[in-house]
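S.K.: Residue numbers (our numbering), protein chains in the order written: chain S, 659 to 1094; chain A, 659 to 1094. Just passing along the structure, written as structure tokens.
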């Protein structure tokens, strides 16, 4: 993308309403703009990141055997009356009436709808297990939306729902999502730690939150250092195999949020292994048995010919929230430092002297070499502005082309994460970035 | 995807409420399920098609220089009061109030919001031209939703909005979208004909509908045969160049819907070139000048230092509607006949004797060769059921593996579009399909 033609509006001033780093940086870098309280439009830079995050989530759900569907945003109140949650949900549910005065709502989650959908087709134990997920916009009418996309009202969530014949099967599904979540966050360059959680209004008896560590995190967490050092992506996962060893590794070490913190258990962790840090919740998984299947009348013919009520779980990832959380974990004074896998563009080509035929030609050549995962700063602007914008927008690599370098066939390469700069031949710069 | 584990629920009976072919076939093939009147959940098979259609739309918008953003579904009533459309829109607009009693609505379209968004950033004529698009769910509260996804209430639309300095620029943007639309529909295997249209409630003075031809189409259309014979994809397009010759070709031949049909002009078309057919609207483009920019207070500093109110156009494609329209144009008694580019899977591997070690091994080998764009019918079911389901779901290629063929290293290949069948060696079958 050429910056001279792009819709990438940066802000010089920090908007007063933005209290946290990700909110400030997303506004300043022109990633999003608020259109109503807690409701955001995603501009091209932000939209690219959101799509990359979404795609990683999708690939890991697919790899774990979940199947993608798409449920609508608008649901009938009747569905929620069946589960008893219509009255229980409170003012966070956005309720509305259609032109025929039928009571509807903008879905805050989909347990009821997916159970009803599944009920329409599952007749036999042979139709189990299944895990269905979708990535769809939800609405929760927070009384005081804040922190930008971290706590918006309209937000993008991946929610998966598993259906199993029995508790053993449901626990296997739970472990599959547990492991898929570890991989999902690791691929985004995040350290995400599963921590035992209360099940809250969803109900059930087994639940983990996935918390990423960031200095600016919303809550205090306590964990064993082993968990930080484990390399999640170092070995392939067989989702049909026994995942207990992986889950056991994570659940046998101490990890707790403030709410669940247990001083006595914490004291058992050797001092040099105790890590206390700030954390941000980015995912939450639940096993809740037959709570919804029983309420909604879902049952299948079991292997012995008797009806069986499937055991269910649900598994959420805050996709739009993750964009903010990644920034909270990856920024400095100058701006965002995107992990490579979720950067809006991998490379920024900075032409320091637009209009000079040698720098123009070399810049075009480099831009072409990295396209389409590159942005070309071809604006007629000062070098300082270009450096500042590239740092703010946080592209992992910057290739800087000035007239002196262009004459000598050299460019400067900057790695945003470390700040390292190096002068290289054009060929070496291309090789270095493409190989990274 | 293995059918034995997939969530691909077919129906044996045709649902009584489905009046048109695409609606019947989408329900029978398990592509969608209605969750409320005119509101659908997309099941895995339908969701794959929707994603492929969406991706083609996206690629052609990007190629034409439009930039993708994502605006939210929920908008404030205030925005629509500025343009005067809040009261004008009528009961098709889904209106609601949030917990603070603020008037909101589920967006049926986005002229107001995008103009307000653009106003926040565009200061100078150098910030023009820009074309911003998004692919987002919309809601129009139809009084009698019907025809499945062809006329649903919650539907996926691609809407683009162009901003130009003057009328000449706006016409250039209009032509870019005109050509991008021709290519978009052609890539989906559709014959789409632009026809002059009324501008309706959007306003403005130039507008074309894009109509695809299908025997089961909703309206009568009249056109010159040249338009059907033109091969849109045969040459590359330079969107920065002059697109007038392409647009002139299409607009100088007769093409009209029933409403605009002009018997006198039609009589000028030589009889052998007259084609009258049934059509379905799948896209609509508008040039409406300063209608929204003036109403919403958008202006930029012009080249001479005076304020200029940008000229705008908007450009819509019914993405979810297209899935139905493609089926209307591509089906027979047995089911859907997907064009290759939008098929949910390119190949179906039919194992006629599950449990036989030779057919199982050969089926697995073929499935692996075509994955991930293949579905494997590994169910323990009769051959007749497998043939019928594959025809119904409409995969472009079927590879049939029976025990006799497996012993001889042969498979049967069926091309869904033509019904042609051929016995081939395994290697030839793989080569044939991969090369297609």
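Note that CB positions come from ideal geometry on N, CA and C, so glycine has one too.
Give a yes or no on whether the C-beta atoms belonging to residue 871(S) and residue 937(S) are separated by under 8 Å.
M.R.: yes
S.K.: Hey, would you say residue 842(A) sits closer than 8 Å to residue 975(A), going by beta carbons?
M.R.: yes
S.K.: According to the Cβ coordinates, are residue 680(S) and residue 986(S) closer than 8 Å?
M.R.: yes
S.K.: Counting only Cβ pairs nearer than 9 Å, list the residues of chain A close to residue 664(S).
M.R.: 725, 788
S.K.: What does residue 894(A) reach in chain S if we use C-beta pairs closer than 9 Å?
M.R.: Per Cβ cutoff of 9 Å: no residues; residue 894(A) is ~17 Å from chain S at best.
S.K.: What residues from chain S crowd round residue 801(A), counting only those whose CB sits closer than 9 Å?
M.R.: 757, 758
S.K.: Give, in chain order, every residue of the stretch 690-701 of chain S whose Cβ lies closer than 9 Å to some Cβ of chain A.
M.R.: Within the stretch 690-701 of chain S, the residues whose Cβ lies closer than 9 Å to some Cβ of chain A are 691, 693, 694, 695, 697, 698, 699, 700, 701, listed in chain order.
S.K.: Compile a chain-ordered list of the residues in the stretch 966-989 of chain S whose CB is closer than 7 Å to at least one CB of chain A.
M.R.: Answer in chain order: no residues at all.
S.K.: Return the chain-ordered list of same chain residues with a C-beta closer than 7 Å to the C-beta of residue 697(A), the five sequence neighbours on each side being excluded.
M.R.: Non-local beta-carbon contacts of residue 697(A) in its own chain, meaning distances under 7 Å to residues more than five positions away in sequence, involve 810, 811, 812 in chain order.
S.K.: In terms of residues, what are the limits of the alpha helix (DSSP H) holding residue 790(A)?
M.R.: Premise fails: residue 790(A) lies in the beta strand (DSSP E), 788-797, not in any alpha helix (DSSP H).
S.K.: Straight-line CA distance for residue 1010(A) to residue 718(S)?
M.R.: 32 Å
S.K.: When the Cα atoms are used, what is the spatial distance from residue 994(S) to residue 776(A)?
M.R.: 24 Å
S.K.: Suppose the cutoff is 7 Å on Cβ atoms and the five residues either side in sequence are ignored; what does the same chain contact list for residue 692(S) look like?
M.R.: Cβ neighbours of residue 692(S) beyond the five flanking positions: 698.
S.K.: Whole angstroms are fine: how far does the CA of residue 891(S) sit from the CA of residue 879(S)?
M.R.: In a straight line, the C-alpha of residue 879(S) is about 23 Å away from that of residue 891(S).
S.K.: List the residues of chain S whose Cβ lies closer than 8 Å to the Cβ of residue 728(A), in chain order.
M.R.: 699, 700, 705, 708
S.K.: With DSSP collapsed to three states, give me the class of residue 782(S).
M.R.: strand
S.K.: Tell me, please, which residues DSSP counts as bridged to residue 854(S).
M.R.: 866(S)
S.K.: When Cβ atoms are compared, which residues of the stretch 1033-1057 of chain A fall closer than 8 Å to chain S?
M.R.: none
S.K.: Between the alpha carbons of residue 933(S) and residue 881(S), how many angstroms are there, rounded?
M.R.: 5 Å
S.K.: Residue 790(S) and residue 818(S) - do their beta-carbons sit closer together than 8 Å?
M.R.: yes
S.K.: Taking Cβ-Cβ distances shorter than 9 Å, what residues in chain S pair up with residue 667(A)?
M.R.: Contact note: residue 667(A) reaches chain S through 778, 779, 780, 785, using a C-beta cutoff of 9 Å and chain order.
S.K.: Taking Cβ-Cβ distances shorter than 7 Å, what residues in chain A pair up with residue 797(S)?
M.R.: Close partners of residue 797(S) in chain A (Cβ separation under 7 Å): 732.
S.K.: Got a sec? Which residues, its chain only, sit under 7 Å from residue 957(A) by beta carbon, not counting five neighbours each side?
M.R.: Contacts found: 965, 966, 967.
S.K.: Does any residue of chain A bring its CB to less than 8 Å from the CB of residue 771(S)?
M.R.: yes
S.K.: With burial defined as no fewer than 16 other Cβ atoms inside 10 Å of the residue's Cβ, what is the status of residue 782(A): buried or exposed?
M.R.: Exposed, by the Cβ-count rule.
S.K.: With a threshold of 8 Å between beta-carbons, can residue 752(A) be considered close to chain S, or not?
M.R.: yes
S.K.: So residue 761(A) and residue 741(A) are in contact, right, with Cβ under 8 Å, and what is the actual spacing, rounded?
M.R.: Their Cβ separation, rounded to whole angstroms, is 15 Å, which puts residue 761(A) and residue 741(A) out of contact at 8 Å.
S.K.: In angstroms, rounded to a whole number, what distance separates the CA positions of residue 1014(S) and residue 1061(S)?
M.R.: 7 Å
S.K.: Among 780(S), 662(S), 953(S), 750(S), whose alpha-carbon lies nearest the alpha-carbon of residue 802(S)?
M.R.: The shortest Cα separation from residue 802(S) among 780(S), 662(S), 953(S), 750(S) belongs to 750(S).
S.K.: Are the beta-carbon atoms belonging to residue 1003(A) and residue 1031(A) less than 8 Å from one another?
M.R.: Cβ distance < 8 Å, so residue 1003(A) and residue 1031(A) count as in contact.
S.K.: Rounded to whole angstroms, what is the Cα-Cα separation between residue 925(A) and residue 1056(A)?
M.R.: 47 Å
S.K.: Is there a Cβ of chain S sitting closer than 8 Å to that of residue 997(A), yes or no?
M.R.: no
S.K.: With a Cβ-Cβ cutoff of 8 Å, do residue 954(S) and residue 774(S) count as a contact?
M.R.: yes
S.K.: Taking the C-alpha atoms as reference points, what is the distance between residue 942(A) and residue 712(A)?
M.R.: 16 Å
S.K.: For residue 1002(A), decide whether its Cβ has a neighbour in chain S, counting only Cβ atoms nearer than 8 Å.
M.R.: no
S.K.: How about residue 749(S): is its C-beta nearer than 8 Å to some C-beta of chain A?
M.R.: yes
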